[in-house]
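Residues in the sequence shown are numbered from 137 upward in steps of one, following our numbering. Please read the structure below before turning to the comments.
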Amino acid sequence: MRIDLLGPVAVRRDDGTLVTPSAPKRRALLSALAVRLNRVVATDELIELVWDGAAPPTARAALQGHVAVLRQALGEEQTADGGGERLALGTRDAGYVLTGEPDRVDLVRFAGLCERAGILHPDGRHGSFGPYHPQGPDDAPVPDGPPADPALPLLRAALDLFRGPALADCGSALLRERTSPYVTDLRLLALDRLADGLCRQGRGGELVAELTEAVTAHPTRQGPAARLVTCLDQAGRREEAAVWYGRLVARLDGPPHPELRRAGERLARPSATVAPPRPKAIPFQLPPADRRFVGRAADLRRLDDALAPARGGRPVLVTGAAGVGKTALVQHWAHRAAERFPDGLLHADLDGFGEAGPRDPAEVLAEFLTALGEPAVPTGLGERVQRYRELLAGRRVLVLLDDARSAEQVAPLLPAPPAGLSEDVSVTVVTSRHRLRDLVVREGAVPLPVDALTPDDAAALLARTLDPARLAAEPAAAAELAERCDRLPLALRLAAARLAARPGWGLADLAAELADDQAALATLTGTGRGPLGMAATLDRTHRALDPATARLFTLLGLHPGSEIAAATAAALGDLPAAEARAHLARLDAVHLLEEHAPGRYARPALVGRYAARQAADLGCDERLAALDRLIDHYLEATAARSAEGGDGAAWFRREEGAIRAVVLCAEQHGRTAAAWQLAHRAAALYERAAHGLVAGEGAEHDRARWRATTEAGLRAARAADDPEAVARLSTDLAVLLVERGAHRTAGEHLDRAVSATADPLLSLCSRARVARALARAGRHDRAVPLFTDVVAAARAPETAHLLAAAHIDLADALVLAGSPAQALAHADEAVRLAAAHTADAVRATHIRARALHALGRVGLALDCAELAVVLGRTLADPALQADSHALLADLLATLGRTGDAAAARHRADSLLSGAA
137 MRIDLLGPVA VRRDDGTLVT PSAPKRRALL SALAVRLNRV VATDELIELV
187 WDGAAPPTAR AALQGHVAVL RQALGEEQTA DGGGERLALG TRDAGYVLTG
237 EPDRVDLVRF AGLCERAGIL HPDGRHGSFG PYHPQGPDDA PVPDGPPADP
287 ALPLLRAALD LFRGPALADC GSALLRERTS PYVTDLRLLA LDRLADGLCR
337 QGRGGELVAE LTEAVTAHPT RQGPAARLVT CLDQAGRREE AAVWYGRLVA
387 RLDGPPHPEL RRAGERLARP SATVAPPRPK AIPFQLPPAD RRFVGRAADL
437 RRLDDALAPA RGGRPVLVTG AAGVGKTALV QHWAHRAAER FPDGLLHADL
487 DGFGEAGPRD PAEVLAEFLT ALGEPAVPTG LGERVQRYRE LLAGRRVLVL
537 LDDARSAEQV APLLPAPPAG LSEDVSVTVV TSRHRLRDLV VREGAVPLPV
587 DALTPDDAAA LLARTLDPAR LAAEPAAAAE LAERCDRLPL ALRLAAARLA
637 ARPGWGLADL AAELADDQAA LATLTGTGRG PLGMAATLDR THRALDPATA
687 RLFTLLGLHP GSEIAAATAA ALGDLPAAEA RAHLARLDAV HLLEEHAPGR
737 YARPALVGRY AARQAADLGC DERLAALDRL IDHYLEATAA RSAEGGDGAA
787 WFRREEGAIR AVVLCAEQHG RTAAAWQLAH RAAALYERAA HGLVAGEGAE
837 HDRARWRATT EAGLRAARAA DDPEAVARLS TDLAVLLVER GAHRTAGEHL
887 DRAVSATADP LLSLCSRARV ARALARAGRH DRAVPLFTDV VAAARAPETA
937 HLLAAAHIDL ADALVLAGSP AQALAHADEA VRLAAAHTAD AVRATHIRAR
987 ALHALGRVGL ALDCAELAVV LGRTLADPAL QADSHALLAD LLATLGRTGD
1037 AAAARHRADS LLSGAA
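What follows is the structure, encoded as structure tokens:
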């Protein structure tokens, strides 16, 4: 087992398998012991380190537990390796000790290599190759025969052990504070000694990257600074050395250290080496920092984390919707990261979605080459690409490519990938409102999608423009305003600018204006050179669509929901499913839609309003034809989903808002038959959700919306002069009113439903539906008389086939009302009437068992319940079978047969979950 502490803590078996403890305290304990390999660490000190000086009373016992786990892990490793000098955790006196070969801990190996190289003894004295005194190249032997320096390979091996800051994520800030200064000083000393040796051999250019990083991290250390200037000079980069020297001296409060001063003096002498030609300029094309930038802490961290793969030649791809703030984010990050790119920053707006079309990469390359100091820019694209990549080779330049249209536009502007991992490489960051998946596939781009601002960041952005007191006076309106702007930085800035120009307006006034579908986009418009506003920004994206995709996007503007299914889009566009999916994928690629689940596309409110504005320009005939297709689609879909149980209810939750809007739209446009039919089918789905066939979903459906849909359907039925339709919708409304507790009004609507139709079957079904709703609501005093009327009406020849079901409903209500004897009589009649192998036969037997149980005749009730279970097996109705098994479980439990009851209950649960 090996322990790496020079970077993120990592524990590896000898076969390379990572076994790093995931628990921070266990990681801290192992790190503290490894830092002092083969030395005892007192228990009290370990407790202090592991708990960062805030140990609880139980810390000693917890420490023993952590030690036991680590000891077991180390023991398993020894067993796997067959014993030997492996790491072992032992107890010594009042502490613990980790023993093993020094090379098994990289920090200990690093210190050992430094000691062997002569810069450190265990007691801190300089060592075996004689005292180390830094010298400059002026003191070096003549170039024709410098003796071999045995320290250099040791120091190179020591420095190569570092993978980042020592003890990163070790789990103990206190351990880092006590250890890092020692490690940092020793690392700088080793780097300085290595630089001295290489410079004496004329090889200083090999350490430019590491010294640049050291000087950037420790700007007050003049030793590494002097070495960097000398190494740049030896690498033929004298002008850069002069820039660095001037920058470093400007930071000092006093005169430079003699060694740094001598390095500057050498720059003034004629160069003794023939340096390769290099660009004379260090470009800095980054636009000024945006003082209004706020938040985005997580996105900034993601950009920092992306530097590692970016240095391997992979561009970083920042994507997001129009107005989401991609450019501001990247430019703000670039200003923060500028010191990491001492060779300059290149920036180009590729205008990928501008009115004039994407910029030519050859034109951008000409600007870059000029900025890099190229005196004669080649004419051809290929020659420009080659020269651009030559000039960037071995340099640390940040290249920002803003608003890219395609991977083809970006590819010529990418620096050549490095031959291996190195700090001395250029990094490219691309922004685009297109996802540019081709760039991810072909160039291995690191995708960083950017979303809307968080609510807190949105509030902070408003506060940058508006008086904080104004925001504090209307916190709810400020939050609503942010949501009306979809929390997009561009929209928020436009809204804030509008408010700042009108100090007499309240935030609620502007929020109300943005709530108006017709006014919102016009409100979010600025003034100045060229179009500025959300509509203009979305226009740029829309213009980039191919005609067929643009047509579908426009037709989607007729859809009233915020979420659109692929099948719905295909119906609106009158397209085959595969073709519709292809267009939807293109809209998703440019963030006009977001495929948040397979086949389901969401869109922000502002994009929906923009699409509706585009749809308003369609001809009347085309709009009505699309509306008819949308109505037909939802008529078919609601009919299919009504038979799907839980899946149908889940679909309805997503589509309810759109269906309600389509009913209202159909009514307004004279599609009365379609309006009432869709409202009637929706009512069944509303009802299912409300009475809990799908657990817990009733609260998710606002009964006010249910009522608006049903009343629109009733108006359409009356306008269609269709008595049966009026009866159906009146019944739907009566059921809704029962759910709301308005029983008297529900009865009035039921009376209207019955009087509206001459069809005895429809009249009976209307009474039965309302009676069942009353029973579910617990109003058995109202349900029983109504069910009694239903039984009487069902005795007519034309409705006799419903008589068994009517008896079952009445028996069920009577049991719940506390009249089991009457219930048993109706259950017996239902058993006699029900046809064999039907749901009515199972339900009748089931209710008979419940009535017998209520009468105290548990044995007979158990026989009926078992018969209901047997009869249910002949039907493909899991819910009905589950009811019978649940009843059987209750009866078995009553008789004390707990084992059998548990088995029956498990069977019922399995049937409901679909596991049976």
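Even glycine gets a Cβ: it sits at the ideal position worked out from N, Cα and C. Model, not experiment: these values are computed from the prediction.
Exposed or buried, which one is residue i when buried takes at least 16 other CB atoms within 10 Å?
i: C1000; result: buried
i: H530; result: According to the sequence as given, residue 530 is Gly; it is not His. Flag for G530 reads buried.
i: S167; result: buried
i: S568; result: buried
i: D151; result: exposed
i: S308; result: buried
i: R804; result: Note on residue identity: the sequence assigns Gln, not Arg, to residue 804. Burial call: exposed.
i: G341; result: buried
i: H982; result: buried
i: C306; result: buried
i: E1091; result: Since the first residue of the chain shown is 137 and the last is 1052, residue 1091 is not available in this structure.
i: A632; result: buried
i: P683; result: exposed
i: A326; result: buried
Which same chain residues end up closer than 7 Å to residue i when comparing Cβ atoms and leaving out the 5 residues on each side of it in sequence?
i: A701; result: G735, R736
i: A856; result: T808, A809, W812
i: A997; result: A985, L988, H989, L1027
i: G1008; result: V978, L1016, Q1017, S1020
i: L173; result: L234, G236, P238, V241, V244
i: A861; result: W812, A853
What does the alpha-carbon distance come out to for the pair residue i and residue j?
i: E237; j: L210; result: 14 Å
i: G992; j: D1026; result: 14 Å
i: A543; j: L584; result: 16 Å
i: R759; j: A713; result: 21 Å
i: A170; j: R339; result: 36 Å
i: D652; j: Y770; result: 27 Å
i: G461; j: V586; result: 8 Å
i: R495; j: D539; result: 10 Å
i: D574; j: G580; result: 9 Å
i: A408; j: I139; result: Bear in mind that the predicted position of A408 carries a pLDDT of just 47, short of 50, making it too unreliable to give a figure here.
i: T974; j: T1010; result: 9 Å
i: S562; j: A294; result: 26 Å
i: P144; j: R240; result: 16 Å
i: L142; j: T601; result: 46 Å
i: A492; j: A484; result: 16 Å
i: V1097; j: A706; result: An answer regarding residue 1097 cannot be provided, because it is not within the stretch 137 to 1052 covered by the chain.
Could you check what DSSP says for residue i in three-state terms: helix, strand or coil?
i: R472; result: helix
i: F689; result: helix
i: G669; result: strand
i: P360; result: helix
i: H202; result: helix
i: H982; result: helix
i: G834; result: Because G834 sits at a pLDDT of 43, beneath the cut-off of 50, its placement in the model cannot be relied upon, and the point is left open.
i: A178; result: strand
i: I795; result: helix
i: G244; result: The amino acid occupying residue 244 in the given sequence is Val; Gly does not appear at that position. Note: V244 maps to helix in three-state DSSP.
i: A699; result: According to the sequence displayed, residue 699 carries Glu and not Ala. Reduced to three states, the DSSP call for E699 is strand.
i: D140; result: strand
i: T506; result: helix
For the ligand ZN, any of its heavy atoms closer than 7 Å to the Cβ of residue i?
i: R163; result: Summarising the ligand content, the structure contains no ligands, and the ligand ZN is consequently not present.
Can you give me the Cβ contacts of residue i inside the same chain, cut-off strictly under 8 Å, excluding the 5 residues immediately before and after it?
i: G744; result: G693, S698
i: V927; result: L939, A942, H943, L946, H962
i: D328; result: P270, G359, P360, R363
i: V994; result: L988, L1027, T1030, L1031
Leaving out the 5 sequence neighbours to the left and right, which residues in its chain are closer than 6 Å to residue i when beta-carbon positions are compared?
i: L674; result: A458, Y746
i: A378; result: L403
Verify the CB distance criterion: does residue i have a CB-CB separation below 8 Å to chain C?
i: T515; result: Among the protein chains of the structure shown there is no chain C, as only one such chain exists.
Next item on the list: Please go through the stretch 539-604 and give each complete alpha helix (DSSP H) segment of 4 or more residues, from N-terminal end onward.
Entry: 543-546, 573-579, 591-601
Next item on the list: Quick one: which unbroken beta strand (DSSP E) runs of 3-plus residues sit fully inside the stretch 434-473? Chain order, please.
Entry: 452-455
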